[in-house]
Amino acid sequence: MKKMKWIWAAAGSIVVLAGIIWACFGEKIKTIYVSLNSFKDENLAHTFQHTPEIQPTKKISRGENTFQFLQEDNVTLTEEFDFENTRYPVGSFLEDTKTTALLVIKDDVVKYEKYFCGGNDDTLFSSNSMGKSFVSALMGIAVAEGYVGSVEDPLGKYIPEFKNTELEDIPIKACLQMASGIDFNEDTDMSGFSMRTLMGSPAMKVIAKYGMQEKPYTYRRYLSINTEILGKVITNATGYSLAEYMEEKLWKKIGAAHDAYWTLSNGTELAMGGLSVSLRDYARFARLYLNGGIYNGEQILSESWVRDSVDVSAEYSKPGANHDAYNAIGYGYQWWVPEGEEGEFMAIGVYGQWIYVNPVKQIIIVKTSADPNFMEKGYELKHVEFFRAVADGIV
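Residue numbers (my numbering): 9 to 403.
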């Protein structure tokens with residue numbers, strides 16, 4: 009009898025403990041479970057078209073006036089393109105890379121627009137790391153408005169958690185260019201970072217403990233935590249949340265057609281890549297850069313910020329720097345810049361999200377995907393050649 013009482017008492021204690029854990033962490037555990045399930049290969053297409061329904065988000069309201077692209081019937085895309093001495097049929101390429109939408113614009117005219125997997129022109133597609141380029145734009149605005157003194161300012165000036173740490177004196181510019189030197193590995197450390205922040209640890213406190221691997225501007229390492237840092241600099245300096253700042257300073261000013269949404273992590277916007285935006289609105293954002301930061305006569309981004317954003321003249325910024333797989337394409341202020349003579353630049357997100365801009369041809373291409381094979385060798389360079397072939401074929 010005593011043994012049974014002990015068993016029941018122990019069972020009761022476990023139930024109580026489980027209840028306490030669920031009360032404290034239940035919603036976070038649920039969020040983690042939903043996130044893991046959403047990123048199963050078979051769920052990617054649905055996840056990337058319904059993120060605001062799946063994850064906590066903050067709304068970014070559009071303005072009253074929409075910029076309307078002109079519209080033509082879909083042109084015929086080039087049938088094939090070359091990559092590494094091999095011809096690839098465009099139709100098969102789009103299918104193989106699990107394309108969910110494709111938009112081609114030339115001279116503000118929609119030349120081609122097609123949706124797959126149930127999407128349409130109202131669908132909001134996940135940015136993943138394309139969102140980093142939006143954070144860069146917000147930093148440019150914060151600098152122009154004087155909230156941030158200079159991109160040469162040290163991080164410790166804006167982030168108290170970095171005071172008296174190795175990260176205190178890193179210049180903002182080094183984070184913009186993914187050359188901060190922070191001792192973090194994108195492939196092996198990201199899951200641990202994400203788990204700790206989802207469970208409630210402040211992101212900057214977590215990052216402050218990583219320390220330095222080398223001096224800033226020594227080596228380009230693609231670290232998404234650099235963009236998290238930039239987001240924190242913006243919010244601390246301006247007093248706005250990222251969604252609020254984007255809404256007031258960018259989204260209501262560029263003629264966006266739809267509200268956008270910013271995914272939240274532990275109640276804070278995920279700066280490293282949490283936007284959900286319609287296909288044409290991605291193009292409207294790219295158009296701002298294509299036009300030197302001007303929309304409807306207003307200089308929203310300074311011309312110098314646009315120019316500096318795609319400057320890859322530093323050795324660590326150039327295409328092929330360090331002979332690193334992450335660095336086959338050059339990198340500016342959170343924009344990718346391929347080798348070439350036409351000033352192309354791109355925003356890229358995992359699982360195959362792309363904004364491609366060609367200033368010489370006045371071409372914007374937006375391609376969204378749900379491709380679990382996005383880490384294949386040559387994946388990004390192959391897409392560059394695909395975009396160039398499409399651009400060459402548009403008249």
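From the three backbone atoms N, C-alpha and C, an ideal C-beta is built for every residue, glycine too.
None of the values given here were measured: they were computed from a predicted structure.
Residue i, buried or exposed, once every other Cβ within 10 Å from all chains shown has been counted against 16
i	result
residue 333	exposed
residue 346	buried
residue 375	buried
residue 143	buried
residue 78	exposed
residue 115	exposed
residue 48	exposed
residue 181	buried
residue 391	buried
residue 205	buried
residue 301	buried
residue 63	buried
residue 95	exposed
residue 100	exposed
residue 141	buried
residue 349	exposed
residue 171	exposed
residue 276	buried
residue 232	buried
residue 29	Caution applies to residue 29, whose pLDDT of 40 falls short of 50 and renders its modelled position unreliable; the value that the coordinates give is listed next. Exposed: under 16 other Cβ atoms inside 10 Å.
residue 32	Summary for residue 32: the model assigns pLDDT 47, below 50, so the residue's position carries little reliability; its value from the coordinates is reported in the next sentence. Per the 10 Å Cβ criterion, exposed.
residue 312	exposed
residue 148	buried
residue 41	Note that residue 41 has pLDDT 48, beneath the 50 cutoff, so the model's placement of it is unreliable and no number is given.
residue 335	buried
residue 255	buried
residue 366	buried
residue 208	exposed
Candidates the options: closest to residue i by CA position
i	options	result
residue 107	88, 89 and 127	127
residue 401	378, 388 and 370	370
residue 249	232, 260, 272 and 228	272
residue 86	120, 60, 71 and 73	120
residue 195	388, 383, 397 and 50	383
residue 66	189, 310 and 278	278
residue 388	403, 364, 372 and 399	364
residue 406	125, 109, 226 and 170	Since the first residue shown for the chain is 9 and the last is 403, residue 406 is missing from the structure and cannot be characterised.
residue 368	403, 316 and 362	403
residue 191	58, 202 and 175	175
residue 230	198, 257, 219 and 213	198
residue 60	269, 362 and 251	269
residue 214	396, 201, 145 and 162	201
residue 222	321, 188, 265 and 102	188
residue 68	117, 321, 62 and 253	253
residue 316	343, 220 and 89	343
residue 218	193, 296, 91 and 310	193
residue 377	98, 124 and 118	124
residue 395	352, 297 and 295	352
residue 117	349, 237, 323 and 292	292
residue 70	393, 286, 319 and 294	286
residue 386	46, 57, 298 and 90	90
residue 57	297, 354, 130 and 72	130
residue 284	55, 111, 314 and 45	55
residue 399	84, 242, 323 and 148	84
residue 326	298, 88, 103 and 228	228
residue 240	46, 74 and 163	163
residue 81	74, 103, 112 and 98	112
residue 319	328, 338 and 310	338
residue 74	267, 98, 299 and 220	267
For residue j and residue i, believed in contact at Cβ under 8 Å, the rounded distance
i	j	result
residue 178	residue 224	5 Å
residue 52	residue 380	7 Å
residue 234	residue 186	6 Å
residue 289	residue 251	Residue 289 to residue 251, Cβ: 15 Å. No contact.
residue 183	residue 146	Actually they do not touch by this definition, with Cβ atoms about 13 Å apart.
residue 212	residue 242	No, residue 212 and residue 242 are not in contact; Cβ-Cβ is about 13 Å, not under 8 Å.
residue 169	residue 109	Residue 169 to residue 109, Cβ: 39 Å. No contact.
residue 373	residue 295	Actually they do not touch by this definition, with Cβ atoms about 12 Å apart.
CB contact below 7 Å: residue i versus chain C
i	result
residue 245	Of the protein chains in this structure there is only one, and it is not chain C.
Residue i: CB within 6 Å of a non-hydrogen atom of the ligand MN
i	result
residue 121	No copy of the ligand MN occurs in the structure displayed, which carries no ligand at all.
Legend entry - Given 8 Å, three or more beta-carbon pairs between the region 348-368 and the region 133-143: yes
Legend entry - the region 251-267 contacting the region 306-325, beta-carbon criterion three pairs below 8 Å: yes
Inset, instruction - Report the residue ranges of all alpha helix (DSSP H) runs contained in full by the region 246-273; include only those spanning at least 4 residues, in chain order. - result: 250-254
Legend entry - Inter-stretch contact (C-beta, 8 Å, three-pair minimum) for the region 149-167 and the region 233-253: Touching, yes, given that three or more Cβ pairs across the two stretches are closer than 8 Å.
Inset, instruction - Please go through the region 81-141 and give each complete alpha helix (DSSP H) segment of 4 or more residues, from N-terminal end onward. - result: 98-104
Legend entry - Every unbroken alpha helix (DSSP H) inside the region 164-235 [4 residues or more]: 180-184, 198-206 and 211-216
Legend entry - Segments of 3+ residues assigned as beta strand (DSSP E) that fall wholly inside the region 324-398: 353-357, 361-366 and 371-377
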